[in-house]
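Trainee:
2 protein chains.
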Amino acid sequence: MDPKTASKFEIRANVIKAMAHPTRLFIVDELSRREKCVSELTALIGADTSTVSKHLAVLKKAGIVRDEKRGTEVYYTLRCPCIMNFFQCVESVIRENAQEQLELLT
Amino acid sequence: MDPKTASKFEIRANVIKAMAHPTRLFIVDELSRREKCVSELTALIGADTSTVSKHLAVLKKAGIVRDEKRGTEVYYTLRCPCIMNFFQCVESVIRENAQEQLELLT
DNA sequence: TACAACTTTGGCGATAATACCAAATAGCCA
DNA sequence: TGGCTATTTGGTATTATCGCCAAAGTTGTA
Numbered sequence: 025m026d027p028k029t030a031s032k033f034e035i036r037a038n039v040i041k042a043m044a045h046p047t048r049l050f051i052v053d054e055l056s057r058r059e060k061c062v063s064e065l066t067a068l069i070g071a072d073t074s075t076v077s078k079h080l081a082v083l084k085k086a087g088i089v090r091d092e093k094r095g096t097e098v099y100y101t102l103r104c105p106c107i108m109n110f111f112q113c114v115e116s117v118i119r120e121n122a123q124e125q126l127e128l129l130t
Numbered sequence: 025m026d027p028k029t030a031s032k033f034e035i036r037a038n039v040i041k042a043m044a045h046p047t048r049l050f051i052v053d054e055l056s057r058r059e060k061c062v063s064e065l066t067a068l069i070g071a072d073t074s075t076v077s078k079h080l081a082v083l084k085k086a087g088i089v090r091d092e093k094r095g096t097e098v099y100y101t102l103r104c105p106c107i108m109n110f111f112q113c114v115e116s117v118i119r120e121n122a123q124e125q126l127e128l129l130t
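Those sequence lines, one after another, are chains B and V. Each number in the working numbering corresponds to the 1-based position in the first sequence with 24 added. Each number in the working numbering corresponds to the 1-based position in the second sequence with 24 added.
#1: Between the Cα of V/Cys104 and those of V/Arg57, V/Val76 and V/Lys93, spot the shortest distance and give me the residue it belongs to.
#2: In the stretch 53 to 85 of chain V, which residue ranges form an unbroken alpha helix (DSSP H) of at least 4 residues, counting only runs that do not cross its ends?
#3: What would DSSP say about V/Thr29, mapped onto helix, strand or coil?
#4: CB of B/Ser31 to nearest heavy atom of the ligand COA: below 7 angstroms?
#5: Return yes when the Cβ of B/Leu68 is within less than 8 angstroms of the Cβ of V/Met43, no when it is not.
#6: With 8 angstroms as the threshold, decide whether the Cβ of B/Val49 is near any Cβ in chain V.
#7: Considering just the uninterrupted stretch of the alpha helix (DSSP H) at B/Arg119, what are its terminal residues?
#8: Give the C-beta separation of V/Lys60 and V/Tyr100 to the nearest angstrom, bearing in mind that I take them to be a contact with Cβ-Cβ under 8 angstroms.
#9: Against B/Pro46, what residues of chain V qualify as contacts under a CB-to-CB distance less than 7 angstroms, listed in chain order?
#10: Tell me which residues share the same chain as B/Leu65 and place their Cβ nearer than 7 angstroms to its Cβ, disregarding the 5 neighbours each side in the sequence.
#11: Output, in chain order, the set of chain V residues within a Cβ distance shorter than 8 angstroms of B/Cys113.
#12: Pick out whichever of B/Val114, B/Met108 and B/Ile118 has its Cα sitting closest to the Cα of V/Val117.
#13: For V/Ala30, tell me which candidate among B/Ala30, B/Ala37, B/Lys28 and B/Ala71 has the shortest Cα-Cα distance.
#14: How would you write the range of the beta strand (DSSP E) that B/Arg203 sits in, first residue to last?
#15: Mind checking whether B/Thr73 and B/Val62 have CB atoms under 8 angstroms apart?
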């Protein structure tokens, strides 16, 4: 693979890698409804604040979310709501997997 | 997070994790054009055959590709071509990132 | 300034992912 | 059967990811 092609797919992989974690997917899902601050997300997730903060940093670094400080709180929003279309395909893969499992039983 | 919600996002993450690697994204991209066998992909990628084979196993386990043996060769196809829509969104995130970088320079 | 609330950063142990080599398996054909 | 090609599997060293705790910033308020 030539270097230019390799770099193209590395950049893509970085964005996808940022979403490749259950907690981060949950965060993206929550933010698709409305912006939320770290403590709100932490309460919903039920993990250490520092853990949630680090997940948010991963999403931010990938350009998936944006942060905005208001007082002592930091609010996060989806930077690219189209990210949700993303899941439609993922869901259809999951549905097809389940379908195939069923068919293997007949 | 309740167990049911957690499991929902774990399942999604498994599919996304399967794509979170440059080589596997390249494979998906190649397969979106036409089916290819392991040795064809190996030649394009330029890695060890066993490495490519393992990447394909990851994609297969996630339900993203399907394999079909013909003689000694194994051909892989995309199981869910909608996976390519996936990238439109990833590309737009990348474009927005680049755009923002530019704006920070002005 | 001192304190409290919110968030991020540093550090560490545990677990998972990755790439290569070597060896095993599967199918074709002389 | 024996050899040849294509692919997968096992083993291992290296690297990356994850979650928590502890500590450090940051901001608003008394």
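Every residue, glycine too, gets a C-beta built ideally from N, C-alpha and C. This one's a predicted model, so the numbers in the text were calculated from it and none came from an experiment.
Mentor: Reading off the structure:
#1: V/Arg57
#2: 62 to 69 and 73 to 85
#3: helix
#4: What this structure holds is no ligand at all, so the ligand COA is not there to describe.
#5: no
#6: Per the sequence presented here, residue 49 of chain B reads as Leu, with Val not at that position. With a threshold of 8 angstroms between beta carbons, B/Leu49 makes contact with chain V.
#7: Ile107 to Leu129
#8: 6 angstroms
#9: Ala30, Phe33, Glu34 and Ala37
#10: Ile51, Glu54 and Val76
#11: Cys104, Cys106, Ile107, Asn109 and Phe110
#12: B/Met108
#13: B/Ala71
#14: No statement about residue 203 of chain B is possible, as the shown extent of chain B runs from 25 to 130 and does not include it.
#15: yes
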